[in-house]
Ligand SMILES: Cc1cc2nc3c(=O)[nH]c(=O)nc-3n(C[C@H](O)[C@H](O)[C@H](O)COP(=O)(O)OP(=O)(O)OC[C@H]3O[C@@H](n4cnc5c(N)ncnc54)[C@H](O)[C@@H]3O)c2cc1C
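This is the structure:
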């Protein structure tokens, strides 16, 4: 019986284990955490967005410069295949109003529990928790640390699935990259992706806002507009609408030190409609009251307007409401990011994600040098890459 060593028990590693066992392989899975799928569980906290139901041609565009590679992997293991896998595990999924796909109860725990149960029920599955990968040499000898002792293992077939470098506490710390570099594997540096940004607010503003959401806004950057929401924080701004621009904002800040994000607080109204509604308000009442009554500008949005435009008045308000320019001066730390760019370059890999320099060794999931927005594209990419490596092993 063929044996495969898998290092990393996030969704990518666990899915490859599941498929390999199904195909009659023996699987030894190692992870340095005390439990499996910790980041997957965290992803379920705000509603686990498994994948997206838009047309595949639109879907694969989200992988940017890696579109063609992902197109072939996602056509092979599609969003519907991912939904069928959940059904196989006894968890139904649904398509939300935004076409995003979620498990019925929005959480990751049920999927993960059933998934691990299936793996453990298989006599060909061995799990080794608390084993930290520290090295691989060019003879494919792998060193792991278990309870401060070195453990050496070797196998003809290895799948690496150790994730990216954000949310360290979930196990993905990116330390694997040092050993890969030593044996000449080319990596792109890790950078935060789908991340928050820094803005130095006035002490008054920080005290007033804490963490406050801005809903039903439009976020504009570099000719691209996204309807969504954002979260104002004491450090700056984050949230879904910001993440959607994060790649371009991050790159601009890295190049010039600053990027200007523009927010339209009332995307459903034109400037002249706003003007018209404000003109019907009693001029004697405060500006915040006029804006609230005329167009529903809430307290937080008004505080933001005053913070950015201290001289806002009844006349210029319509223009400013539609163009709140927030100058961002930094990227929030990588550990807070939803995902990371960087990792093993595709030029190091065959079409089956096998390392050209280490035959029999495959790299999947967020270890790969790709970036995708939130919306289910990250998890789908991880699952599809796992399916591709398994196909390589089956071949
Ligand atoms: C807050 C948050 C919300 C998210 N929400 C979504 C969402 O809704 N939809 C979506 O598509 N994506 C989401 N993501 C991203 C998604 O969770 C990740 O892209 C996905 O988990 C990556 O899977 P992976 O298997 O490649 O790596 P990981 O899930 O990071 O798993 C890697 C595993 O490898 C282990 N490991 C790491 N280093 C070593 C080592 N040296 N030795 C041994 N083991 C090691 C880790 O302990 C871990 O178990 C979210 C992420 C975060 C942080």
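Numbering (the working numbering), first residue to last: 41 to 435.
Using N, Cα and C, we set each Cβ at its ideal position, and we do this for glycine too.
The criterion of a C-beta distance shorter than 8 Å is not satisfied by residue 205 and residue 48. Separation of residue 291 and residue 157 (C-alpha to C-alpha, rounded to the nearest whole angstrom) is 42 Å. Excluding residues up to 5 positions away in sequence, 233 and 411 lie with their Cβ nearer than 7 Å to the Cβ of residue 287 in the same chain.
Distance between residue 362 and residue 415, taken at the CA atoms: about 26 Å. Under the 10 Å beta carbon count, residue 406 is surrounded by 16 or more other beta carbons and is classified as buried. Restricted to the segment 116-159, the alpha helix (DSSP H) segments that are unbroken, complete and at least 4 residues in length are 119-128, listed in chain order. Unbroken beta strand (DSSP E) stretches of 3 residues or longer found wholly inside the segment 191-235: 197-200 and 227-233, given in chain order.
Counted as a single uninterrupted DSSP element, the beta strand (DSSP E) harbouring residue 379 occupies residues 379-384. Assignment of residue 174 by DSSP, reduced to helix, strand and coil, places it in the strand class.
Within the DSSP secondary-structure output, residue 299 pairs in a beta bridge with 368. In this model, residue 196 and residue 140 are separated by some 39 Å (Cα to Cα). Fewer than three Cβ pairs drawn from the segment 321-331 and the segment 223-230 lie within less than 8 Å of each other, which leaves the two stretches out of contact. Taking C-beta atoms as the reference points, residue 398 and residue 180 count as a pair closer than 8 Å.
Residues of the same chain with a CB within less than 7 Å of the CB of residue 245, apart from the 5 flanking positions on each side, are 343 and 347 in chain order.
Between the segment 62-75 and the segment 132-151, the count of Cβ pairs shorter than 8 Å is below three; the stretches do not touch. In the structure shown, residue 276 adopts extended strand secondary structure according to DSSP, grouped into three states.
Looking only at 166, 161 and 128, the smallest Cα-Cα distance to residue 150 is reached by 128. In the structure shown, the three-state DSSP call for residue 387 is helix. In the displayed model, residue 243 falls within a helix according to three-state DSSP.
Contact between residue 239 and residue 276 holds: CB atoms are separated by about 4 Å, below the 8 Å threshold.
Per DSSP, the continuous beta strand (DSSP E) segment holding residue 402 begins and ends at 401-403. Boundaries of the alpha helix (DSSP H) around residue 98: 96-101.
Between the segment 103-114 and the segment 52-60, the count of Cβ pairs shorter than 8 Å is below three; the stretches do not touch. By the criterion of a C-beta distance shorter than 7 Å, residue 73 is surrounded in its chain by 169 and 211, once the five residues flanking it on both sides are discounted.
Going by DSSP, residue 165 is part of no alpha helix (DSSP H) but of the beta strand (DSSP E) stretching over 165-168. Residue 304 has its Cβ no nearer than 7 Å to any heavy atom of ligand 1. About 6 Å separates the beta carbon of residue 227 from that of residue 383, a gap short enough to meet the 8 Å contact definition. The segment 282-327 is shown to contain whole alpha helix (DSSP H) runs of 4 or more residues at 286-296 and 311-319, in chain order. Judged by beta-carbon spacing, residue 237 lies beyond the 8 Å limit of residue 272, meaning their Cβ atoms are not closer than that value. Take residue 299, set aside five residues on each side of it, and the residues of its chain with a beta-carbon closer than 6 Å to its own are 289, 292, 293 and 368, in chain order.
One alpha carbon belongs to residue 351, the other to residue 324, and they sit about 17 Å apart. Our two residues, residue 102 and residue 247, have alpha carbons roughly 38 Å apart in a direct line. Where residue 348 is concerned, the enclosing alpha helix (DSSP H) starts and stops at 339-348.
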